[in-house]
Amino acid sequence: MRLHTSPASPFGRKVAVVLHETGLWDRVERRDATLSPIAPDPEVCAANPLGKIPCLELDDGTALYDSRVICEYLDGLHAGPRLFPPEGPARFTALRLQALADGMLDTAVGLRYETFLRPETFRWPEWIAAQKLKITRALDRLEGECEGFGERIDIGTLALACALGYLDFRFAEDRWRDGRPRLAAWYARMAARPSMVATVPR
Ligand code: BEZ
């Protein structure tokens, strides 16, 4: 299997964390793509017409995307505890949390493009403020919910850890921990996991 990814991509990190957590890391060859929102990577485009990473090419030539599909596929390849609970409330809690974390990331990556790549004269301050508010609302909701996570390790809690890690990586000046001591404490425990330490973005 071959994974198109990037060391800075938070969605690529989620897949890498799952590879570590499931013991599959050595079964996947990793290729760092060279891409920007306006200059996609030709090899990635050949596998995924959307030109997005992460993209996992299987040995039979099948390409899997996006990160949610890749993670669920990988979760079927190992013998350890499932990261995608098979059914019931646990499944839908994990999937909802993953959707919330991925949504925070979609928003944060969009903000990164808008504030870092887009020429200053074309920026739209009201749009930027509205995007930041989405992340603030999500963080506030999670501050109220995270004590219920306990020590749970599933696709929801791992996705959330990757999302908070990306905020540290690209938006440290926004200080997401301020006023959210429970979420900060939960993340500190998650960030110490070997899978998270091995995949710190750069
Ligand atoms: C980043 O550099 O922030 C980034 C890289 C790849 C995908 C998304 C974000």
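With my numbering, the residue at position 10 of the sequence shown is 397, and numbering never jumps. The beta carbon of each residue, even a glycine, is placed where N, CA and C say it ideally should be.
| Asked | Found |
| --- | --- |
| Give me, in chain order, the residues of the same chain whose beta-carbon lies closer than 6 Å to that of residue 444; leave out the 5 immediate sequence neighbours on both sides. | 389, 434, 450 |
| How would you write the range of the beta strand (DSSP E) that residue 442 sits in, first residue to last? | 442 to 444 |
| Contact between the stretch 484 to 496 and the stretch 403 to 412 is defined here as three or more beta-carbon pairs at a separation below 8 Å; is this criterion met? | no |
| Please specify which runs of the alpha helix (DSSP H), each continuous and at least 4 residues long, are wholly inside the stretch 531 to 574, giving them in chain order. | 542 to 557 |
| Alpha carbon to alpha carbon, how far is residue 491 from residue 550? Give it in angstroms, no decimals. | 7 Å |
| So, using beta-carbon positions, are residue 429 and residue 398 closer together than 8 Å? | no |
| Within the stretch 441 to 488, note down every full beta strand (DSSP E) run reaching 3 residues or more, in order along the chain. | 442 to 444 |
| To the nearest angstrom, how far is the alpha carbon of residue 420 from that of residue 431? | 7 Å |
| Using a Cβ-Cβ cutoff of less than 7 Å, which residues in the same chain neighbour residue 567 once the five nearest sequence positions on both sides are dropped? | 526, 530 |
| Going by alpha carbons, who is nearest to residue 546 out of 395, 393, 405, 391? | 405 |
| Just the C-alpha distance for residue 561 and residue 519, rounded to the nearest angstrom, thanks. | 10 Å |
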